[in-house]
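Novice:
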Amino acid sequence: MSLDDLYRRVIMDHYQHPRNKGIRSEGGILVHLHNPSCGDRLTLQLIMDGDRVKEAYFEGEGCSISMSSASMMTEAVKGLTKKEALKMAENFSCIMLGEEEKVEEDLGDIEALRGVSKFPARIKCATLAWKALEKGLQEKEE
Ligand code: ZN
22 MSLDDLYRRV IMDHYQHPRN KGIRSEGGIL VHLHNPSCGD RLTLQLIMDG
72 DRVKEAYFEG EGCSISMSSA SMMTEAVKGL TKKEALKMAE NFSCIMLGEE
122 EKVEEDLGDI EALRGVSKFP ARIKCATLAW KALEKGLQEK EE
């Protein structure tokens, strides 16, 4: 199995069996974002415990890239401090820009989205969840 096949499999697994899908009643920070170029819609819910992301959930509709990215992101940021989560978002955008040499941490499943960087039209799909994360964490600061 080639690396591309493996990555495709990871993406489809997150798309078909999304982690952390469904907004909970607890409240927390809610961010709605829309990607007009593809029609993806996403709502992200962050439940903070002080400076730490305690839980992250999402709800939305869209292509496999946008939804699997949201599933991966919500899994990856749970338990991270705000600073760590923002750093991960920055690393993700480096991958999308093809600047992988700047990324020092192991991003796990998220690496499966690496191939998206070759398709500029789809980058906005992959980054939608991460934009929502950044927006949500910044709102908390005010
Ligand atoms: Zn999309």
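Numbering (the working numbering), first residue to last: 22 to 163. Note that CB positions come from ideal geometry on N, CA and C, so glycine has one too. Predicted, not measured: the structure shown is a model, and the values here were computed from it.
Once you ignore the five residues that flank Gln-66 on each side, which residues in its own chain have a CB closer than 6 Å to its CB?
Specialist: Residue mapping note: residue 66 aligns to position 45 of the sequence shown, counting from 1. If we look at Gln-66 and ignore the five residues flanking it on each side, its Cβ neighbours are Ile-44, Gly-49, Leu-51, Tyr-78.
Novice: When the distance is taken between beta carbons, is Ala-153 closer than 7 Å to Ile-86?
Specialist: As a first step, residue 86 is located in the sequence shown; it is residue number 65 there, counting from the start. As a first step, residue 153 is located in the sequence shown; it is residue number 132 there, counting from the start. No, the Cβ-Cβ distance between Ile-86 and Ala-153 is not below 7 Å.
Novice: Ordered along the chain, which non-local residues of its own chain (more than five positions away) have a Cβ less than 6 Å from that of Leu-101?
Specialist: For this step, residue 101 is matched to residue 80 along the sequence shown. The residues are Val-74.
Novice: Can you name the start and end residues of the alpha helix (DSSP H) that Lys-104 belongs to?
Specialist: Residue 104 sits at position 83 when you count from the first residue of the sequence shown. Start and end: 103-117.
Novice: Along the chain, where does the alpha helix (DSSP H) containing Leu-24 start, and where does it finish?
Specialist: Here residue 24 is taken as the residue at index 3 of the sequence shown, counted from 1. Segment 24-37, the alpha helix (DSSP H) holding Leu-24.
Novice: Could you give the distance in angstroms between the alpha-carbon of Leu-158 and the alpha-carbon of Asp-72?
Specialist: As a working note, residue 158 is residue 137 in the sequence shown. As a working note, residue 72 is residue 51 in the sequence shown. C-alpha separation (whole angstroms): 10 Å.
Novice: What ranges does the alpha helix (DSSP H) occupy inside the stretch 49-105, keeping only unbroken runs of at least 4 residues that lie completely in it?
Specialist: 85-98
Novice: Go through its chain and collect everything with a Cβ distance to Leu-128's Cβ below 8 Å, but skip five positions before and after it.
Specialist: In the sequence shown, the residue the question calls residue 128 occupies position 107. Here the set comprises Ala-97, Met-109, Asn-112, Phe-113, Ile-116.
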